[in-house]
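Peer 1:
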Amino acid sequence: VFCSHLGFLTEPQDVIAKKNQTVWLDCLADGDGGTVNVTWHRRPLGRPIDVHQPGDVIVNDTRRYLLHTNGTLKILSFRPHRPRGGDEGTYWCLVKSPAGAIRSKDAHVQVAALPKFMVQPTSTQAVVGGVARFQCYTQNAVPPASISWEKDRLPLPPNDRFVQLPSGVLQIHKVQQNDTGRYRCVASNMLRERRSQPADLTVIYGKFKYLNQEPRIVTKPQNLTVLAHQDVYMECMATGNPAPIMSWSRKNGNIGTSGVQILKGNLRLQDVTVDKSDTYVCSANKPQTRIRQTANAILTVVEPPKVIRGPVDMDDIATAKTARLPCDIRGTPKPKIEWLHNGIPVYVNGRIEQVDDNNELVITSVVLADEGIYQCIGFNDYGMVYRYARLTIKVESDSPDPPQNIQLITRSSTEILVRWSPSVSKSPIIAYTIHYLQTEGNNKEVKVPVNVSQTEFLVTNLLPNTNYTFYMSAYTREAASEMHSQQVVAKTMEGVPSAAPILSLSSRSPYSIDVGWQPLSREDSQGQIVNYKVKYNKEKDEDLEMAQEVRGWQTQLEIKGLNPDTTYRVCIAAATSRGYGPCSHYISQKTMKQNEREVLREPNLQVRALNSTAIDIHWEMPSLSPDEKILGFKLKYTGEDDIDHLPIALPSNLQHFLLGSLRPDTSYEVKLFAWNEKGDSPTATQLIKTMKTSTIVVPPVLSPMPPSNVIPVALNASSVRVTWSKPRMTTVEAEYYTVRYNPTDLQNATLVEYIRSNITSLIVNDLKPFTKYEFAVKSHSRQGTESKYTHASICQTKEGKPGPPAEVQVRLLSSGAAVLVEWLPPLESNGELKEFIILYVPFDSSLPDTDWSTVKTTADQTSATVNNLTFRTEYFFKMMASTEVGPGPASDPESVFTLPPVNPLVPGGKTTPGAGVTNNPRTGQGERNGMVTGIIVGVAIAVVCIMLCAIILLCRDPER
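1 is the number of the first residue of the sequence shown in the UniProt record's numbering; add one for each residue after it.
1) Inspect the beta-carbon positions of Phe775 and Ala792 and report whether they are closer than 9 Å.
2) Give every residue of the same chain whose Cβ lies closer than 8 Å to the Cβ of Leu687, excluding the five residues on either side of it in the sequence, and list them in chain order.
3) Keeping to the same chain, check which residues put their C-beta closer than 7 Å to that of Thr180; ignore five residues upstream and five downstream.
4) For a test of the three-state rule: what should DSSP assign to Met947, helix, strand or coil?
5) Only counting the same chain, and skipping five residues up and downstream in sequence, which positions put a Cβ closer than 7 Å to that of Thr225?
6) How would you write the range of the alpha helix (DSSP H) that Asp524 sits in, first residue to last?
7) At a cut of 8 Å, does the stretch 705–714 reach the stretch 518–536 through at least three beta carbon pairs?
8) Determine the contact status of Glu193 and Cys93, defining contact as a CB-CB distance below 9 Å.
9) Quick check on the burial criterion: 16 or more other C-beta atoms within 10 angstroms. Buried or exposed for Tyr754?
10) How many angstroms separate the CA atom of Arg390 from the CA atom of Gly372?
11) Please work out which residues of its chain come closer than 6 Å, Cβ to Cβ, to Phe657, disregarding the five sequence neighbours upstream and downstream, and give them in chain order.
12) Select from Pro48, Met190 and Leu67 the residue whose C-alpha is nearest the C-alpha of Pro115.
13) Taking the C-alpha atoms as reference points, what is the distance between Asn37 and Ser427?
14) Count the other CB atoms, across all protein chains shown, that sit within 10 Å of the CB of His5; report buried if there are 16 or more and exposed otherwise.
15) By DSSP, does Thr294 sit in helix, in strand, or in coil?
16) Rounded to whole angstroms, what is the Cα-Cα separation between Ser392 and Gly71?
17) Does the structure place the stretch 323–330 close enough to the stretch 361–379 that three or more beta carbon pairs sit under 8 Å?
18) Please list the terminal residues of the continuous beta strand (DSSP E) segment that includes Leu368.
19) In chain order, what residues of the same chain have a beta carbon less than 6 Å from the beta carbon of Ala714, not counting five sequence neighbours either side?
20) Going by DSSP, which residues form a beta bridge with Leu73?
21) Let me confirm a value: Glu360 is counted as buried when at least 16 other C-beta atoms fall within 10 Å, else exposed. Which label applies?
22) So, for Phe876: in the same chain, excluding its five sequence neighbours on each side, which residues have a beta-carbon less than 6 Å away from its beta-carbon?
23) Please report the residue range of the beta strand (DSSP E) in which Ala674 lies.
24) For Thr576, does the three-state DSSP call read helix, strand or coil?
25) Less than 7 Å between C-beta atoms, sequence neighbours within five positions excluded: which residues of the same chain meet that for Ser277?
26) For Thr433 and Val459, what's the separation of their Cα atoms in angstroms?
27) Pick from Ala228, Ala318 and Arg569: whose alpha carbon is nearest that of Ile363?
28) Quick test of your reading: Phe457 and Val418, contact by CB under 8 Å. State the CB separation rounded to the nearest angstrom.
29) Alpha carbons only, please: which of Pro155, Leu165 and Asp160 is nearest the one belonging to Arg182?
30) With a 10 Å radius around its C-beta and 16 neighbouring C-beta atoms as the bar for buried, classify Trp248 as buried or exposed.
31) Quick test of the definition: if touching needs 3 or more C-beta pairs under 8 Å, does the stretch 553–560 touch the stretch 512–519?
32) Give the list of continuous beta strand (DSSP E) stretches no shorter than 3 residues that lie fully inside the stretch 230–267.
33) With a 10 Å radius around its C-beta and 16 neighbouring C-beta atoms as the bar for buried, classify Glu494 as buried or exposed.
34) Would you mind stating whether Ser506 and Gln606 have Cβ atoms separated by less than 9 Å?
35) For the stretch 342–354 against the stretch 270–286, do three or more pairs of beta-carbon atoms, one drawn from each stretch, fall closer than 8 Å, so that the two count as touching?
36) Taking the C-alpha atoms as reference points, what is the distance between Lys251 and Glu620?
Here it is, written out as structure tokens:
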């Protein structure tokens, strides 16, 4: 950045230093040959920029700092922690010359650090073909640490199955047996290296490849905030069988292909820009099906400020003219813009304004004191930039002095008298100007020209109870005052309130009415409110009016001693020390009937003005008992013209209504009550006033009402027909509808599905059998607005055929001709299971199912024994599950070989070919019978062996 009068040659840069290291911070400036003075400032790290807080001023200290004549700051021995404050911090320099002063950018000075691991890898197990994941993380490392991984104390070998993410995550895909080992991460930066604790990966051979598993996301992506033009990795890992297909999408746009990669399920975005900010959706999809699981994460791309247009030098501006200094700075998030004048924050006082969201500094009626360098600074959490320009004022030799001895005399709540002594000038004075503005709040300045012959002027149309600042200038034909007069402050007197409070009424008993109101704004109160007066009378006896007064700090009153079942009219007025203002528009409230319990309690009503023609109405019902049911609401409103508009019927699920086509600056009485078959609730009443036409507002956008009578009907196991009716009462027609549906036991909200329909019915397909779904519908208007969703309607799809039983195992029993079959229920039952079917066949598993023998079991069993099989034969077994619809697909065949027949001499050893079934628990009775037979055979063989041994020994030793 350079200015012809003053500019930086070198600015301070960020520094990361080790303890006791010497640190240099440069601040070299050029003052066009003039003397340049440099001062250094510091604030704590992490504290945002505040131009109104200069921070700590750095002074020469031979033990800590050395300030060179060229502006460089030398930290002799950097220490992050000292008894009176360490050397860490954000530094900047301020350079001054006869031309003015400018502030440098910030430089962050930090100590290098590599703290202990906040997250370390932990031991885990993985099945062959599955996935494994380790993670380590160091927080507050300066500079950020780079992470690498070791296996068994050696660098991780290159392998595309190993994915190392910059976040410190190691993913291992398609796990193999040789992946077993001890893993650890290594974090390193300029300071040191640090190794994590080791973690063991144990690889087990499971039944993963034989089981049908739905996709399951085991590591979800995390929300990220990154600087623009960096590469981003969003992690997503999933398991399933078959292996899920991983995909990514954007919620509010096309993810595109340029700079986008999907690496083993992880999303990589290269050189991201702000327009990439969005919600990203990771999907794990089961191949050749619509089954999937998704997970969301929000990517926020931020951008440091950058200058689009900066101020330019303005030379020789005549006094009393207007100077405009533009400064357009943009970034994400939106930068805050501050202005400095010669290094000091600009005081916005009405004559000096920041307009166009601080993007332009406007100085009206410039004087000599306005001369100097103006610097606009834009900053957000991710950086700062600035531009500056010099403003010079052309001074005429015969400029008059401003008026002297200015006095202010308050005359009323809207008038102040200004008196002054005439100016002294070589040239004739031709006019004076009086400048005034509110001292606090609105800084808009008013300039009033007055005749040179006058020495006093009455300023009118001021706001009551308000401080005003005044000053004056003098003018000749050639020039205006170089300086303004001294500033003087005076306060107007209090006035009478210009408006009445907004009133609301309700009744909780037959003998009282509750009155509530909102305090007046400062503009409407015109002073300190000291009292409120509530007036009321019977609707049929308006001449007999009563009133109650309360203190100015109160906002509610209970009017007691009223008659039951009687309508009363109520209004309210506010008072300052100057008296009462106008009373509000009368609104009515009926007391409850005596000894009658109301069917429903009245709604809690809130009304606010949106603009000059629309009001926003919100309400909610108090908690209802189980036997209370609301069928709907009715809304009434009446304007100052006393015209009662037709009631608006609203559905029971609505809590918001936008009332439009109203008259500007008009009071309306809004009434709302609930109803059911037993009657109406008490009426909630509130008074509201629309804004004036001059108010700058956004035109109201009306929304359609929700549809009604949403009815879903199951057509079959995978389809549901949904019908609904058009909205009953609405001022905006529905152009089309959105149907939202999802399983009622949904755990992942991202699995919700949406379908658009241009008519009032549709068929939803591809649903899961025998599953409860909830359906809701909302309306969309042609203008782009939409209603809320209706309450969910629930429908269950019809039964379907089940999936195959899970984990089917066959085991030969010791008898040699019996097999124990064990299984688990199918992963997808798709209905109420009726039975399981065991199919078996010898020799050839490719035969059609009709050629297999079958054995049926009840639905509550998980094992059975098939007896009387043929010896020395290979059998194949598979299973089906069945619902009312019929049997589903069979499981994969499992084979088993029967044994040769046992010794026929052993009792029970003879078998007859054939088949039978014994229903058993997991250790069946048939197996126990086989075990008994085996024991008998074993004992018999042992006895025979012992006898033979004894005979042999006797034969070898004849002496015995």
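Yeah, the Cβ is synthetic: ideal placement off N, Cα and C, and Gly gets one too.
Peer 2: Working from what's here:
1) yes
2) Ile502, Leu503, Ser504, Ser584, His585, Ile587, Ser667, Tyr668, Glu669 and Val670
3) Leu201, Thr202 and Val203
4) helix
5) Thr300 and Val302
6) Arg522 to Ser525
7) no
8) no
9) exposed
10) 6 Å
11) Ile617
12) Met190
13) 40 Å
14) buried
15) strand
16) One detail in the question is off: residue 392 reads as Thr in this sequence, not Ser. One C-alpha to the other measures close to 27 Å.
17) yes
18) Neither: Leu368 is in no beta strand (DSSP E) and is coded neither H nor E.
19) Val720, Cys795, Thr797 and Lys798
20) Leu25 and Leu67
21) buried
22) Val841, Ser845, Pro893 and Ser895
23) Ser667 to Asn676
24) strand
25) Leu299, Thr300 and Val301
26) 12 Å
27) Ala318
28) 5 Å
29) Pro155
30) buried
31) yes
32) 232–234, 237–241, 245–250 and 260–263
33) buried
34) no
35) no
36) 32 Å
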